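A.B. asks:
4 protein chains.
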Amino acid sequence: MKLIAGLALAASTCLAQADGAHDWTKSRWGPDDQIGSANLMTPERVKAASSLVTTGKVYSLGMIVGSDTPAFPPRSLSVTVLQPNQISNSGLGNNAFTYNDDIFMGWLGIGPQIDGLGHAGVDHVYYNGHKDSDFAKAAGLTELGLHNLPGLVGRGVLLDMAKFYGVDMVEEGKAYTADDVKAAAAKQGVELREGDVVLFNSNWMNLLDGANPDPKRFGAAEPGLGVSGAEYLAELGVMAVGADTWGMEVVPAEKEGEAFRAHQILQPENGIYILENMDTRELAKDEAYEFLFVLGQARLKGAVQMIINPIAIR
Amino acid sequence: MKLIAGLALAASTCLAQADGAHDWTKSRWGPDDQIGSANLMTPERVKAASSLVTTGKVYSLGMIVGSDTPAFPPRSLSVTVLQPNQISNSGLGNNAFTYNDDIFMGWLGIGPQIDGLGHAGVDHVYYNGHKDSDFAKAAGLTELGLHNLPGLVGRGVLLDMAKFYGVDMVEEGKAYTADDVKAAAAKQGVELREGDVVLFNSNWMNLLDGANPDPKRFGAAEPGLGVSGAEYLAELGVMAVGADTWGMEVVPAEKEGEAFRAHQILQPENGIYILENMDTRELAKDEAYEFLFVLGQARLKGAVQMIINPIAIR
Amino acid sequence: MKLIAGLALAASTCLAQADGAHDWTKSRWGPDDQIGSANLMTPERVKAASSLVTTGKVYSLGMIVGSDTPAFPPRSLSVTVLQPNQISNSGLGNNAFTYNDDIFMGWLGIGPQIDGLGHAGVDHVYYNGHKDSDFAKAAGLTELGLHNLPGLVGRGVLLDMAKFYGVDMVEEGKAYTADDVKAAAAKQGVELREGDVVLFNSNWMNLLDGANPDPKRFGAAEPGLGVSGAEYLAELGVMAVGADTWGMEVVPAEKEGEAFRAHQILQPENGIYILENMDTRELAKDEAYEFLFVLGQARLKGAVQMIINPIAIR
Amino acid sequence: MKLIAGLALAASTCLAQADGAHDWTKSRWGPDDQIGSANLMTPERVKAASSLVTTGKVYSLGMIVGSDTPAFPPRSLSVTVLQPNQISNSGLGNNAFTYNDDIFMGWLGIGPQIDGLGHAGVDHVYYNGHKDSDFAKAAGLTELGLHNLPGLVGRGVLLDMAKFYGVDMVEEGKAYTADDVKAAAAKQGVELREGDVVLFNSNWMNLLDGANPDPKRFGAAEPGLGVSGAEYLAELGVMAVGADTWGMEVVPAEKEGEAFRAHQILQPENGIYILENMDTRELAKDEAYEFLFVLGQARLKGAVQMIINPIAIR
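Protein chains in written order, with the numbering used here: chain V, 73 to 386; chain L, 73 to 386; chain X, 73 to 386; chain P, 73 to 386.
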C-alpha cells in the first residue's frame, strides 16, 4: 500500500525527494537489479497466463520492417543479401551446399521494438539510478543492456481504444487518460493486473497499409498513452506497455513543452518495458482481450533497443 | 504413407526425379508456399503444446551474443551506443527526456539464429524450387524472406544427447544417427511427433563459458545431427530442428567431401527450419524434455537469417 | 606498333583468341601485375605533368556525397556522428579534450568514385585474367584490391563535350565516339597522350545542383563514352578515364542489349581506371584543358571501389 | 606581429580571455569560416610547392588499412565484397558485364586519417567557437564537416625525428619540443614556413610491419609532437601537421593528467588540420625533406574524419 503511494509520488522529474517519498532512482528489486518489471515474470503468473490459451491461435505482433518503415530520425536500416564465395560454383562439398547470408546496417530502434531499460532517462538518470555517463558506453551499455533480459512472458491484455472511443482510428494527439484506460478495460470486461503486458490498439497502422496510406502522418504524431494513464499503469505494476504506434505515448504531448513524459514514468521511474509498433489489429478484430504473451528478443550484448516480434497466443 | 516414402527418397541431391518419386522442389504446401513446415503450426498443435506448461518456468534459449561470439567467417557484428543530439543538454522537453540509441553493423547469422528457408540450397535451388538467381537479390530476398514467417509456436522436445551418450560433453564429429535419435527419445520416454521443434543438447556451449573455455575448438567443429538423423526427422515432419552448436549438424561431415548435407535435407528438401546456438543446458539440467516452444523472430523484410531468442515454457 | 594493333583487336569479349591476336587476359605488365595502367605513372610523366602548373589554382573534382546522392541500386550510405563516452563530462584529461567521431555504413561505389581493376569483368574474368571465383572473396578482394594502387598522378586533360557539341548540357544517350573524342581534342588544341587522365565534361551534374535539379533523370541515363571512344583511348594507352556522370559511359548503350561495354574495354581488357561523378565544371569554365592530376584514394584492404576526391592543379 | 603574439597567448584552455588577448574562438578568417588553415592554400603557395617537383617520384603516404589495423577503441571497420544479382549468370547485357561491389561498415577514424576541424574541441567548443551541441548532430556535422574542405595542397616538409635523435625508432613518450622541431629543421637545412604541411617521421610504423611487429605497443602509446612544438607550429601558421603514429602527438602526455593537448592547440584554437598514420618512411629514406603535398579526401557530407592517402611528389 505504502509502496503504491510512493510510486505515484515518484512520477515527477524531481530527483531530490521530500522525506518519506519514494526515490525512483532506487529500484524496488534492489540496487543490483538490471531487469525491472521482468522480475514480475514469476512461474505462477506464467502458468496462469498459459491457461489463457483456449483456441491455439497465434498472433504475430511484430510488423514487417524494412528500409521504408517510418523511423524516428535519423534512424535508418538496410538489409543486404549476399552469397559469400559462391561465384560460378556449386558451393561447399560434393553435395553442392549453396547458401545466402545477410548483413544489417542500421539502428535497432526501428519498427516493432522493445525499449530496454537503458533507453529512456530523466535528465541523464536511468532506471535504478544509473547515470548515462557511467554506463552508456559507445561499445555498448555496461548496465541495463537488453542482453540481461531473458524475455517477457505473461498475461497479455489488449485494450481496443478505437472501439472504446467508437472510431475507426484514434486521432493523433488523443491521450489515453487513467480514466480512459480503466473505462476501456471495464467496457471490455477485462481486469488489469500487476505483471500484465498491456497493449493498446488504435488502428494507427492503417496509415501504413490501409486503403489510404499516409506514412508521413503516421510518423509525425500519434494517439497514445497519456501521463495519467502511464501513472495508473505504473501504480498497478504492469510488466510492459505496448501500442500500435511508433512511440506508444501520445504525440504531441498533453502539456506543451513536455516530450515523452510517459516513457519516463514507465522506464526510469518504474522499470517497465515499452513495446512500439505492435500490430494489434488482428487481436482487436478477434476481440482477443486476454492471451498468453511471449517475447524473446535477441540478446545482443550491450544493446539498448531491439527489433522484435512478440507472439500472442490465445 | 506414400508421402513419407516420397520424402525419404527425396533425400537426394538429384534434381531430376525418377517417375513416381517425390520431387522436393515442389512443396507439399503448394507452389506459392513461403513458410514450409511453419504450416504445421495449427491451432490444435499450439493448444496441445500450451497444455505442456505445468510449472511456469521460462527458459531463454538465445545465448548472449556480441562481437566476441564465434562466427562462421567472415561474419562479424558490432553494437554502438550513442545519444543523438544530447550533448551538454538535458534532452527533449522541459521534462528532460534523455535517451540512448544503438546501431548494429554486421551479419545476421551470428550466435543464436534461425536459418530461414532462403538460407540453404542444393546447387542454387532452394525450398519450393526457387532458384537463387531469381530471388536472392542484393536488396533482400524476394521469395522465402524471413518476414513471411509469423513465428514458430509448438511442442518443443529436448533430446539430451550428452546424457544419452553418457558424457559430459559430446565430442566434435559425433553424428546423431536416426537410431541414436530414436533411442535417445525412447530412453527419455518422449515421443517425437509431426510438427515438433526438436532441440539437441550436447553441452558444446561449455566450450564458451565453461571452466576451460575454448572458443576456437567451439567454432572449428561440432557434434550434431547426422544424415540419417536428418532424414528421420524430415520423414517425421518436424517443424524445426535446433541444437546448442553453431551449425546444428555434425562437423566434420560423416562422409568425406560432404558439407552441411543435413541442412539440405531439412531446408530446401523439406522446408524445415534450423535453429543454431540454442542454449539448451538449463532444459537438460531440469530434464525438461517437453515444453511449449515460442519463437518470434524479427520480421526484417527480405532477411535470410535472424538473431533470435526462442522461449521455452513448461 | 604491334602492341597497339594487338590492343585494338583485344577489344572483344572473345576469350579464346585467334593466333597472333592479343590475349587481353594477359597483362602487358606481366602475370603478377595488380595495378594496370598505373604502371604508366613514371617519374618522367609525373615531372612533366607537374610542369603544367602555371596559376596554382586547385580544383576539387570530388562532388560532395551524402545519403541523398543518387546511387546505382541498391547502393546506399549513411554517416553518423557520435561523441564516444562524453556524456555530461568534459572529455579526456584536465584539459577537457572533447571530440566527435563518425561511422560510415554503406557502399563504396557512391558519388565520386574510382573503379578499381577488380570492379568490372567480362563474364567473370577480370584484369590480368583473374576469375572472380578465385579472388572476389566476401572478406575482400585477394587480387586487384584497391589497396595495391598507390594513387594516380599524371597529366590531366579535360575534354569539354558540352562545348564541343555546342550545348549547355549533353543529353543522355549521346555517345562520345572515337571521332568525337579526337575532334574535341583537336578543337581545344590539346593532344591526348599515353598515360593521360582524360576527363569528359558534359555538365550532367547541373541536374543535381542546377536551376532545375532532376536527380531522377541524372540517375536514369547519361551521356558518355561510346565503344569506339573507349577503344580509341585504350589504344592510346591512357591511365584513367573520368566523367561528370555516375557511370562514365553512355547509357543507354549504343547497341541494344549491351551494358557497360566501355567499362569492359577499359578495365578488364586494358587495365585502365575509371573515375565517376567527377565535377569537371569549374575546369571547363576556366578552359583548363591540361593540368596536374593527383588522386590518392584511401587504401582499404581488399576494396573494389572508393569514394574519392581527385585534385587538379594548373 | 601582433597576430603571432595573439596566437601564442591563445594556446590556453581558458575560454574567457583577458583584455587584449586573442580569443581563439574567433577565427582569423572570419565568423563564417569553415576550413581554417586551408585558407592558406593560395595559388602562389600552390605554384611554389609545385616547383618542388624535381624527380617526379610519387609517395603514397596512406598506409594500407584493414580490419586488423590498430584503432582507437571502440573503432573498428570491415569491408565486404559482393556481386549484386549475379548468381549463376553472366551479369548484365549480352556482353556479359559482371562486377564486384563493396560495403564498408565502421568508423572513419582508422588508419591513415585526417582530423577535420569538427573532431577535436576544448570542453565542447570547437574551431571558430562552434559548440558541439549546436553542430555535432547524429545525422552529420552541420558546421565544420569535412565536405567543406576542397583538399589540401601545399609545400610538404618532412622532419625525420628518428634521424635527428639518432635512433632507429623514436620511443613512446618522447615529445618533440619547439626546440627539437627547430633544431631538426635546421639540421636538415629546411625552413618551416606559413602554410606548410609538416610531417614527422619516427619510424613508429616499424612496429606494424617491421622485423618484430608489435601492434599492441604501436597502439598503446607513441612518440610525437609536444605542447611547445604544437605552439610553435601554430604560431608559424602551418596548414597541417602529420605524423607516422596513430595520434600524431606524444602519448603519454608530457604533463600528467593532460590528454591530446596538442590536438587542441592545433585544431580548435588555430584551425590546423591533423594527419595521422602517415607512412613517411620512404620520404625519410630518400631524404625527401621538401615536396609537393596533395591531399584530396573524400567529401562525405557532415563527416568528422576520413581515411586518406595523401600524395607527396618531389
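Beta carbons: idealized from backbone N, C-alpha and C, even for Gly. Note that the coordinates shown come from a computational prediction; the quantities given were computed from them, not determined experimentally.
In this structure, how does DSSP classify residue 385/X when only helix, strand and coil are distinguished?
C.D. replies: Residue state, collapsed to three classes: strand.
A.B. asks: To test your reading of the DSSP string, which unbroken beta strand (DSSP E) runs of 3 or more residues are found completely within the stretch 228 to 311 of chain P?
C.D. replies: Runs found: 269 to 273.
A.B. asks: To the nearest angstrom, how far is it from the Cα of residue 186/L to the Cα of residue 345/L?
C.D. replies: Going by the C-alpha atoms only, they are around 7 Å apart.
A.B. asks: For residue 303/V, count the other beta carbons within 10 Å of its own beta carbon; 16 or more makes it buried, fewer makes it exposed. Which is it?
C.D. replies: By the neighbour-count rule (16 or more Cβ atoms within 10 Å), residue 303/V is buried.
A.B. asks: Are the beta-carbon atoms of residue 143/V and residue 276/V separated by less than 9 Å?
C.D. replies: Not closer than 9 Å, so no.
A.B. asks: Taking DSSP as the reference, what is the three-state secondary structure of residue 376/P?
C.D. replies: Reduced to three states, the DSSP call for residue 376/P is coil.
A.B. asks: Relative to the C-alpha of residue 260/V, which candidate in 231/V, 308/V, 124/V and 363/V has its C-alpha closest?
C.D. replies: Comparing Cα-Cα distances from residue 260/V to each of 231/V, 308/V, 124/V and 363/V, the minimum goes to 231/V.
A.B. asks: Can you list, in chain order, the residues of its chain with a C-beta nearer than 6 Å to that of residue 298/V? Leave out the 5 residues immediately preceding and following it.
C.D. replies: Around residue 298/V: 247, 248, 249, 322 and 326.
A.B. asks: Using 8 Å for Cβ pairs, my map puts residue 152/V next to residue 162/V. What's the rounded Cβ distance?
C.D. replies: Between residue 162/V and residue 152/V the Cβ distance is about 23 Å, and since that is not below 8 Å, they are no contact.
A.B. asks: Can a CB atom of chain X be found closer than 9 Å to the CB of residue 146/V?
C.D. replies: Closer than 9 Å to some Cβ of chain X, the Cβ of residue 146/V qualifies, so yes.
A.B. asks: Measuring only the C-alpha atoms, how far is residue 135/P from residue 295/V?
C.D. replies: Approximately 54 Å, taken between the alpha carbons.
A.B. asks: Could you check whether the stretch 126 to 140 of chain L touches the stretch 105 to 119 of chain P, counting it as contact only if at least three pairs of C-beta atoms, one from each stretch, sit closer than 8 Å?
C.D. replies: These segments do not touch.
A.B. asks: Report the residue from 308/X, 222/X, 175/X and 240/X whose alpha carbon sits nearest the alpha carbon of residue 283/X.
C.D. replies: Checked all of 308/X, 222/X, 175/X and 240/X; the closest Cα to residue 283/X is 240/X.
A.B. asks: Does DSSP put residue 129/L in a helix, a strand or coil?
C.D. replies: Residue 129/L falls in the coil class under three-state DSSP.
A.B. asks: So, does the CB of residue 185/P fall closer than 9 Å to a CB anywhere in chain V?
C.D. replies: Judged by the 9 Å Cβ criterion, residue 185/P is not in contact with chain V.
A.B. asks: In terms of alpha-carbon separation, which member of 281/X, 123/X, 124/X and 273/X lies closest to residue 238/X?
C.D. replies: The residue with the shortest Cα to Cα distance from residue 238/X is 273/X.
A.B. asks: Bridge partners of residue 19/L, per DSSP?
C.D. replies: Summary: the structure shown does not reach residue 19/L, with chain L confined to residues 73 through 386, and so no result is reported for it.
A.B. asks: Quick check on the burial criterion: 16 or more other C-beta atoms within 10 angstroms. Buried or exposed for residue 91/P?
C.D. replies: Because residue 91/P sits at a pLDDT of 47, beneath the cut-off of 50, its placement in the model cannot be relied upon, and the following sentence gives the value as read from the coordinates. Exposed, by the Cβ-count rule.
A.B. asks: Report the neighbours of residue 333/L on chain V: residues whose CB is nearer than 8 Å to its CB, in chain order.
C.D. replies: Chain V residues near residue 333/L: 165, 167 and 169.
A.B. asks: Cα separation between residue 227/X and residue 110/X?
C.D. replies: Taking the straight line joining both Cα atoms gives about 13 Å.
A.B. asks: Give the interface partners of residue 159/V over in chain X, defined as CB-CB distance under 7 Å, in chain order.
C.D. replies: Ordered by position in chain X, the residues that pass the 7 Å Cβ test against residue 159/V are 196, 204, 205 and 208.
A.B. asks: So, for residue 305/X: in the same chain, excluding its five sequence neighbours on each side, which residues have a beta-carbon less than 8 Å away from its beta-carbon?
C.D. replies: Same-chain partners within the cutoff: 253, 264, 270, 297, 313, 338 and 344.
A.B. asks: Within the same chain, show all residues whose beta-carbon is closer than 7 Å to that of residue 370/V, passing over the 5 residues directly before and after it, in chain order.
C.D. replies: Same-chain partners within the cutoff: 378.
A.B. asks: When every heavy atom of the ligand FMN is checked, does at least one fall within less than 8 Å of the C-beta of residue 251/V?
C.D. replies: For the structure depicted, the ligand FMN is absent and the ligand set is empty, with no information on it obtainable.
A.B. asks: Report the neighbours of residue 113/P on chain X: residues whose CB is nearer than 8 Å to its CB, in chain order.
C.D. replies: Result: 130.
A.B. asks: Does any C-beta atom of chain P lie closer than 9 Å to the C-beta of residue 156/L?
C.D. replies: Yes, contact with chain P.
A.B. asks: To which residues of the same chain is residue 155/L closer than 8 Å at the C-beta, ignoring the five residues directly before and after it?
C.D. replies: For residue 155/L, where only same-chain residues beyond five positions count, the Cβ hits under 8 Å are 170, 171, 172 and 173.
A.B. asks: Please state whether DSSP places residue 207/V in a helix, a strand or coil.
C.D. replies: Of the three classes helix, strand and coil, the one that applies to residue 207/V here is helix, per DSSP.
A.B. asks: Between which residues of its own chain and residue 309/L is the CB-CB distance below 6 Å, once the five residues before and five after are set aside?
C.D. replies: Cβ neighbours of residue 309/L beyond the five flanking positions: 266.
A.B. asks: The stretch 207 to 229 of chain X: which residues have C-beta closer than 9 Å to a C-beta of chain L, in chain order?
C.D. replies: Residues passing the 9 Å Cβ filter: 209, 210, 211 and 212.
A.B. asks: Could you give the DSSP three-state label for residue 336/V: helix, strand or coil?
C.D. replies: Residue state, collapsed to three classes: helix.
A.B. asks: Starting from residue 345/P, follow its DSSP beta bridges and name the residues at the other end.
C.D. replies: The partner list for residue 345/P (beta bridge, DSSP) reads 312/P.
A.B. asks: What residue range is occupied by the uninterrupted beta strand (DSSP E) comprising residue 192/V?
C.D. replies: Per DSSP, residue 192/V belongs to the beta strand (DSSP E) from 192 to 194.
A.B. asks: According to DSSP, simplified to helix, strand and coil, what is residue 213/X?
C.D. replies: Strand, per DSSP.
A.B. asks: For residue 311/L, would you say it is in contact with chain X, using Cβ-to-Cβ distances shorter than 9 Å as the test?
C.D. replies: Residue 311/L does not count as touching chain X.
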